[in-house]
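First up is the structure itself, then whatever we jot down about it.
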Amino acid sequence: MAMFDKTHYTNGQKVFEFTGNKLTFFFKTGIVKAEGIFEDGQMEGEWKFYRENGKLWQISAKGLAVIIIRQAEVKPA
Numbered sequence: 002m003a004m005f006d007k008t009h010y011t012n013g014q015k016v017f018e019f020t021g022n023k024l025t026f027f028f029k030t031g032i033v034k035a036e037g038i039f040e041d042g043q044m045e046g047e048w049k050f051y052r053e054n055g056k057l058w059q060i061s062a063k064g065l066a067v068i069i070i071r072q073a074e075v076k077p078a
């Protein structure tokens, strides 16, 4: 699968990581870029996408349109 051909950035940082069925993508800085469930070669359920500063940018769910969240609406975890 082409999206998994590159395992590390030139600086040595991981591009992605599998933990069970959870898939996490990283920016070259090591900050999480996207995370969600990946099964049978497909994104499943809810996926969260982040900006390079680590702030939540959008959430998507299988079968639903992507929801863009305004910065002011996102509360810290």
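Numbering follows the working numbering, in which position 33 of the sequence shown is assigned residue number 34; successive positions increment by one, without gaps. Using N, Cα and C, we set each Cβ at its ideal position, and we do this for glycine too. In this text the structure is predicted, and so the values were computed from the model without any measurement.
query: Would L24 pass as a contact of G37 if the rule is Cβ separation under 8 angstroms?
result: Yes.
- prompt: Taking the C-alpha atoms as reference points, what is the distance between K34 and Q14?
  reply: Rounded to whole angstroms, K34 and Q14 show a C-alpha spacing of 13 angstroms.
query: What residue from G46, F27, E18, F19 has the CA that sits closest to G55's CA?
result: It is F27.
Per DSSP, the bridge partner or partners of I1: Nothing about residue 1 can be reported from this structure: the residues present for the chain run from 2 to 78 only.
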